[in-house]
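Asks: Residue numbers (the working numbering), protein chains in the order written: chain A, 400 to 510; chain B, 486 to 600. Can you keep this structure in mind? I'll have questions shortly.
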Amino acid sequence: EDKVVQSPLSLVVHEGDTVTLNCSYEVTNFRSLLWYKQEKKAPTFLFMLTSSGIEKKSGRLSSILDKKELFSILNITATQTGDSAIYLCAVLIGSNYKLTFGKGTLLTVNP
Amino acid sequence: DAGVIQSPRHEVTEMGQEVTLRCKPISGHNSLFWYRQTMMRGLELLIYFNNNVPIDDSGMPEDRFSAKMPNASFSTLKIQPSEPRDSAVYFCASSTGDIHGNTIYFGEGSWLTVV
């Protein structure tokens, strides 16, 4: 059975802190790993990672994939209260692009 | 582009009633996905369609759930009869299936409460 595991499940930090969110996976026919941010409504896309060792960056957020060890991390530097959300990791599987999600990490950034 | 459109946005219904959730994917997208999200289980894939054909429905919880995609611009997820444990947010999502830039776009969800 395909499995995506995120840790920690929840995290509380202060503004300005740096956080690292983890995602490990065990799947057959891996294609890509995606990160999403979910606030009150639908998940919104952050990154898609297909190759190992290549960091993707967008402002204060960055992510990298290790296909040998089967995990990815999402880093957020200088956190702000607006970063408070559920961060979802998902793995794209198979020729029909099935997307399997982890349960998410609930990040709370306090002022 | 209007994005993925779902209806209703919110529904409260009594146990035993039939519930129909609707989805209009982004025009040109050939894959459509139905997800259910709860606090306990997170986001679970229920079923997905490729070119209107159901590809994998192994996530559909039981026979009370059914999904159809009669054409490229419309899909329904039906629960009959509904039960309180079906209360969740149901997301529809669509994608192009392009191997080089595949991302999946979510609708804003249908918030279902079965009392």
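C-beta: ideal position from N, C-alpha, C; glycine also. Predicted, not measured: the structure shown is a model, and the values here were computed from it.
Mind checking the region 526-555 of chain B against chain A and listing, in chain order, the residues whose C-beta falls within less than 9 angstroms of any C-beta there?
Replies: Flagged, chain order: 526, 527, 528, 529, 530, 533, 535, 540 and 541.
Asks: Classify residue 482 of chain A: buried if its beta carbon has 16 or more other beta carbons within 10 angstroms, exposed otherwise.
Replies: Walking along the first sequence from the start, residue 482 of chain A turns up at place 83. Residue 482 of chain A comes out buried.
Asks: Can you find the residues in the same chain that come closer than 6 angstroms, C-beta to C-beta, to residue 545 of chain B, ignoring five residues on each side of it along the sequence?
Replies: What you label residue 545 of chain B is simply residue 60 of the second sequence in a count that begins at 1. Cβ within range, chain order: 531 and 532.
Asks: Residues bridged to residue 419 of chain A by DSSP?
Replies: As a position in the first sequence, residue 419 of chain A is number 20, starting the count at 1. The partner list for residue 419 of chain A (beta bridge, DSSP) reads A:474.
Asks: Under a CB-based cut-off of 8 angstroms, is residue 559 of chain B close to chain A?
Replies: In the second sequence, residue 559 of chain B corresponds to position 74, counting from 1. Not closer than 8 angstroms to any Cβ of chain A, the Cβ of residue 559 of chain B fails to qualify, so no.
Asks: Tell me whether residue 569 of chain B sits in a helix, a strand or coil according to DSSP, three-state version.
Replies: Start at 1 with the first residue of the second sequence, and residue 569 of chain B comes out as number 84. Of the three classes helix, strand and coil, the one that applies to residue 569 of chain B here is helix, per DSSP.
Asks: Any C-beta of chain C sitting closer than 8 angstroms to the C-beta of residue 498 of chain B?
Replies: Structure shown: chain C not included; protein chains present are A and B.
Asks: Please identify, using Cβ separations under 7 angstroms, the residues of the region 438-452 of chain A that lie next to chain B, in order along the chain.
Replies: Flagged, chain order: 440, 441, 442, 444 and 447.
Asks: If we ignore side chains and look at the alpha-carbon of each, how far apart do residue 595 of chain B and residue 507 of chain A end up?
Replies: As a working note, residue 595 of chain B is residue 110 in the second sequence. As a working note, residue 507 of chain A is residue 108 in the first sequence. If I take the Cα positions, the gap works out to 25 angstroms.
Asks: Could you spell out where the beta strand (DSSP E) holding residue 493 of chain B opens and where it closes?
Replies: By one-based count along the second sequence, residue 493 of chain B stands at place 8. Element bounds for residue 493 of chain B: n/a, residue is neither H nor E.
Asks: For residue 556 of chain B, which beta-bridge partners are listed by DSSP?
Replies: Numbered from its first residue, the second sequence carries residue 556 of chain B at position 71. DSSP lists B:559 as partners of residue 556 of chain B.
Asks: Consult DSSP for residue 588 of chain B and reduce its assignment to one of helix, strand or coil.
Replies: In the second sequence, residue 588 of chain B corresponds to position 103, counting from 1. Correct three-state label for residue 588 of chain B: coil.
Asks: Just grab the DSSP bridge partners of residue 425 of chain A for me.
Replies: For the purposes of this step, residue 425 of chain A is taken as residue 26 along the first sequence, with counting starting at 1. Residue 425 of chain A pairs with A:402.
Asks: Go ahead and pull the three-state DSSP assignment for residue 527 of chain B.
Replies: Within the second sequence, the letter at position 42 stands for residue 527 of chain B. It is a strand residue.
Asks: Could you name the residues of chain A that residue 588 of chain B contacts, counting a contact when the two beta carbons are closer than 9 angstroms?
Replies: Taking the first residue of the second sequence as position 1, residue 588 of chain B is located at position 103. Those are 433, 444 and 447, listed as they occur along chain A.
Asks: Between which two residues does the beta strand (DSSP E) harbouring residue 447 of chain A extend?
Replies: In the first sequence, counting from the first residue as 1, residue 447 of chain A sits at position 48. First-last of the beta strand (DSSP E) with residue 447 of chain A: 443-448.
Asks: Can you tell me whether residue 541 of chain B is helix, strand or coil according to DSSP?
Replies: Taking the second sequence and counting its residues from 1, the one referred to as residue 541 of chain B is at position 56. Residue 541 of chain B: strand per DSSP, three-state reduction.
Asks: How should residue 442 of chain A be labelled, buried or exposed, when 16 other C-beta atoms within 10 angstroms of its C-beta is the threshold for buried?
Replies: Counting from 1 along the first sequence, the entry for residue 442 of chain A is found at position 43. Buried, because 16 or more other Cβ atoms sit within 10 Å of the Cβ of residue 442 of chain A.
Asks: Is it true that the CB of residue 457 of chain A sits closer than 8 angstroms to the CB of residue 473 of chain A?
Replies: Here residue 473 of chain A refers to the residue found at position 74 when the first sequence is read from its first residue. Here residue 457 of chain A refers to the residue found at position 58 when the first sequence is read from its first residue. Cβ atoms of residue 473 of chain A and residue 457 of chain A: not closer than 8 angstroms.
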